[in-house]
Amino acid sequence: MNRYYQDGQVYRRGKRVKKWKERLRIYYDDGSVKRPEVVLGFCSRMAKSEARTKLRERISQSGSKPSPVLHGITFGEYWRTTTFPYVPLRGSG
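Residue numbers (my numbering): 11 to 103.
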């Protein structure tokens with residue numbers, strides 16, 4: 011089974027009070043995916059590198075989970091059904 015990892019995303023938000031926020035993908039057993047935003051701290055009190063370190067700590071606490079199976083088909087099957095019918099054949103015309 012494939013394993014996945016993620017680095018997450020750290021970015022600055024806010025007009026008056028600037029805050030560092032994180033965004034991660036959370037996979038649930040029913041197949042749904044959520045991307046909640048979580049405040050890591052104020053920009054005036056921590057640098058971006060400190061915010062990234064805090065994010066990595068949160069990721070390491072959550073652990074690694076197996077990659078979800080999205081549709082149960084391979085990439086080749088998907089390509090044959092969606093793209094291949096529209097690929098022009100050489101020499102025709």
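Yeah, the Cβ is synthetic: ideal placement off N, Cα and C, and Gly gets one too.
query, result
"Report the partner residues of Gln71 according to the DSSP bridge assignment.", "Paired residues: none, contrary to the question."
"Rounded to the nearest angstrom, what separates Lys29 and Ile69 at their Cα positions?", "19 Å"
"With 16 as the cutoff for other CB atoms within 10 Å, does Val20 come out buried or exposed?", "buried"
"Closer than 7 Å by C-beta to Gly18: which residues in its own chain qualify, once you throw out the five before and the five after it? Chain order, please.", "Glu32, Arg33, Leu34, Leu65, Ile69"
"Considering only residues of the same chain and omitting the five flanking positions on each side of Ala61, which have a CB-CB separation below 6 Å?", "Val20, Trp30, Leu50"
"Tell me where the beta strand (DSSP E) around Arg23 begins and ends.", "19-23"
"Starting from the Cα of Lys25, find the closest Cα among Glu47, Pro46, Phe52 and give me that residue.", "Phe52"
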